[in-house]
Each structure stands twice: as C-alpha cells, then as structure tokens.
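**Student:** Residue numbers for the sequence shown follow our numbering, beginning at 3 and rising by one. Glycine included, every Cβ here is placed at the ideal spot set by N, Cα and C. Quick one: structure below, then a few questions.
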Amino acid sequence: RLESEVQIVVDKALKGSASYKRIGIAGSLAFLRRVGCALMLLDGDGGGGGGCGGSSTAGGGDGFDLLLREWRGRLNDLIAATEGHGAARALALGLLSEMIKAPATTTTATTTAGAKAQAQAPDTPMAGCWGAKLPAAALEQLTAVVQTELLESALVVDLPLVAAPAPGQEGDGGSREVRVAGCAVPFSCSVWLNVDEQETSVAINLWPLAASSAIADRDVLVWMAPCLSLVCLVSRIVFGDLQDVDGLLGCPLVMFPMELLQDDE
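If you want it as structure tokens, here you go:
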C-alpha cells in the first residue's frame with residue numbers, strides 16, 4: 003500500500019509544474035533502478051556487458067518478462083512526461099546516465115546474480131558500473147527508447163534534403179528551405195561535414211530545428227547532448243567501444259548555407 007501511494011505521488015509530481023517535475027524525475031529513476039536490480043536477480047544468463055549474450059526469458063521466465071515490460075514502461079513514461087519540457091528531459095537523461103555509470107554495489111542480494119554478468123562483461127572501465135550488470139535485454143530496451151525512438155526520430159533526416167510536395171502535387175517538392183523567425187528571406191539548407199559524399203544517406207537535422215518557431219523543435223537541442231551521451235554510455239557498456247553508434251556520430255550536419263560565413267568586405 004505504501005509503495006502504491008508513493009507511486010501516485012511520483013506520477014503526480016512528474017506531470018506537475020517544473021519544480022514538482024524534478025521530484026517526479028528523481029522518484030521515477032528510483033523505481034527504475036529498483037526494477038533494474040530485480041532484473042539482475044532474475045537474469046541467470048549473464049548481464050548486459052555480454053552484448054547479445056542475455057535473453058529476455060533466460061533464468062526468470064514469466065517474472066523476467068513482466069519486469070522487462072515494467073522497465074520499458076517506466077522508460078516510456080519518463081520520456082512522455084518530459085515531452086515539451088526540454089530542460090526536464092535533459093535533467094532526466096543526465097540523471098539516468100549517472101545512475102547507469104555509478105559503481106555497482108555488492109550487497110548480498112545482487113552479488114550472486116552479478117557474478118556471471120561481471121565475468122562475461124568486456125574488459126573496459128565500464129565493466130564495474132551498475133549498468134554493466136543489467137541483462138542485455140534491459141539494455142536493448144533502453145537503446146530502443148533513447149536512441150531509436152527519441153534521438154534518431156527527432157534528429158536524423160534522410161538525404162538528399164528535399165521539401166515536402168505541395169498539396170495536390172506529386173514528387174519531392176524541390177530543395178528544402180528554412181525560414182528564420184523575423185526574417186522574410188528563406189534560407190536553403192546545406193549539408194556540412196559530408197565526408198562520405200554519395201555513400202551517406204542520413205544527416206543530423208540541426209539548423210532547421212534551431213531556426214524553427216516551434217518550441218518542441220528547439221527543445222530537441224536542449225536535451226540532445228545528454229541523450230547522445232547516454233546512448234554512447236550504453237554502447238560502451240555493451241560493446242566496450244562506440245562501434246554501435248559510429249554511424250550516428252559520423253553523420254553530416256544539416257546547417258545553413260556556407261556562403262553566409264563568407265566575408266564580402
């Protein structure tokens with residue numbers, strides 16, 4: 003009963019104003035950590051540090067699956083509750099990174115479950131962190147939420163850059179342009195740092211988001227850095243390096259035309 007009441011308070015705070023949202027974020031992460039520790043106990047086939055060595059049904063059966071769904075649900079709730087609040091989302095992602103890279107405790111409850119995970123973890127500085135003891139399935143869910151559904155969906159666009167076709171017309175619609183608030187002249191987009199040229203199929207959509215009049219678009223730039231940091235952290239835990247996000251880190255940038263930087267005087 004007490005836990006249910008605490009959960010209600012946390013949910014209300016998470017959906018409240020900015021001052022209460024901090025309390026909700028802290029409470030949500032505490033519940034998330036508790037679910038993560040429970041997953042460690044039920045996982046009998048190695049932790050997240052083993053890359054693809056874990057299994058969603060290994061060692062825990064239905065109990066493991068239920069906890070894994072709760073883990074995913076709490077991650078989704080945390081992201082949904084910070085929608086439209088860039089600073090709150092940045093705080094949540096930053097605190098989540100701190101929780102994952104914090105040194106793993108060696109309590110009686112987690113020592114046995116973490117032994118196999120530690121043995122299978124890659125020999126990296128991240129092997130001793132709390133996140134390295136998580137089952138691989140839990141880290142996969144975290145990557146799906148933070149990298150695929152959040153970061154890539156908000157930042158990554160296809161190349162070449164084209165505008166949406168006009169209503170009633172077919173085709174690509176022409177070259178993509180961005181109109182800055184307070185400026186009557188639209189600017190075309192330019193792809194910077196496109197090292198691979200024709201082989202590159204995606205880019206990071208920075209300039210259109212920064213110039214957008216929509217607060218939700220500009221908020222992406224507020225939480226982009228802590229989100230990318232979290233994605234890289236998980237990749238280092240799972241693979242021991244950044245190979246899984248190398249393509250994302252090497253993407254060119256969608257920016258304003260290079261001509262705007264030229265000095266005509």
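Report yes if the CB atom of A205 is closer than 7 Å to the CB atom of V159, and no otherwise.
**Tutor:** In contact: A205 and V159 (Cβ atoms closer than 7 Å).
**Student:** The beta strand (DSSP E) spanning S192 covers which residue range?
**Tutor:** Counting along the chain, the beta strand (DSSP E) containing S192 begins and ends at 192-194.
**Student:** On a Cα-Cα basis, can you pick out the residue from E100, A129, C229 that is closest to G242?
**Tutor:** Nearest option by C-alpha distance: A129.
**Student:** Which residues does DSSP list as the beta-bridge partners of P105?
**Tutor:** Partner(s): C131.
**Student:** Taking the beta strand (DSSP E) that M260 falls in, what are its first and last residues?
**Tutor:** Neither: M260 is in no beta strand (DSSP E) and is coded neither H nor E.
**Student:** Please report the straight-line C-alpha distance between L31 and V187, rounded to a whole angstrom.
**Tutor:** Rounded to whole angstroms, L31 to V187 spans 45 Å at the Cα level.
**Student:** In whole angstroms, what separates the C-alpha of F258 from that of L153?
**Tutor:** Those two C-alpha atoms are separated by around 21 Å.
**Student:** Check each candidate in E72, S6, L80, S99 and name the one with the smallest Cα separation from P228.
**Tutor:** Nearest C-alpha to P228: S99.
**Student:** Where do the ends of the beta strand (DSSP E) carrying D160 lie?
**Tutor:** It spans 158-160 - the beta strand (DSSP E) in which D160 sits, taken as one unbroken run.
**Student:** If V233 and V148 are in contact, beta carbons under 8 Å, what's the gap, nearest whole angstrom?
**Tutor:** Sure, about 6 Å apart at Cβ, within 8 Å.
**Student:** Alpha carbon to alpha carbon, how far is L95 from Q264?
**Tutor:** Answer to the nearest angstrom: the Cα atoms are 38 Å apart.
**Student:** Consult DSSP for K148 and reduce its assignment to one of helix, strand or coil.
**Tutor:** Reading off the sequence shown, one finds Val at residue 148, where the question assumed Lys. DSSP places V148 in helix when its eight states are reduced to three.
**Student:** Helix or strand or just coil, what does DSSP make of V8?
**Tutor:** Helix.
**Student:** Which residue's Cα is closest to the Cα of E261: D219, L163, S192?
**Tutor:** It is S192 whose Cα lies nearest to the Cα of E261.
**Student:** Exposed or buried, S155, counting other C-beta atoms within 10 Å across all chains shown (16 or more means buried)?
**Tutor:** Under this definition S155 is an exposed residue.
**Student:** So, for E72: in the same chain, excluding its five sequence neighbours on each side, which residues have a beta-carbon less than 7 Å away from its beta-carbon?
**Tutor:** Excluding sequence neighbours, E72 sits near V37.
**Student:** What does the alpha-carbon distance come out to for the pair G86 and W225?
**Tutor:** When rounded, the distance between both Cα atoms is 11 Å.
**Student:** Apart from the five residues just before and just after D246, which ones in its own chain have a Cβ nearer than 6 Å to its Cβ?
**Tutor:** Counting only Cβ-Cβ distances below 6 Å, and skipping sequence neighbours, we find S237.
**Student:** Leaving out the 5 sequence neighbours to the left and right, which residues in its chain are closer than 6 Å to N207 when beta-carbon positions are compared?
**Tutor:** Cβ within range, chain order: L157, V159, V256.
**Student:** Within its chain, find whatever has a CB closer than 7 Å to the CB of A218; leave out the 5 residues flanking it on each side and keep chain order.
**Tutor:** The answer, listed in chain order, is G86.
**Student:** Counting C-beta neighbours from all protein chains within 10 Å, is the total for G133 16 or more, i.e. buried, or is it exposed?
**Tutor:** Buried, because 16 or more other Cβ atoms sit within 10 Å of the Cβ of G133.
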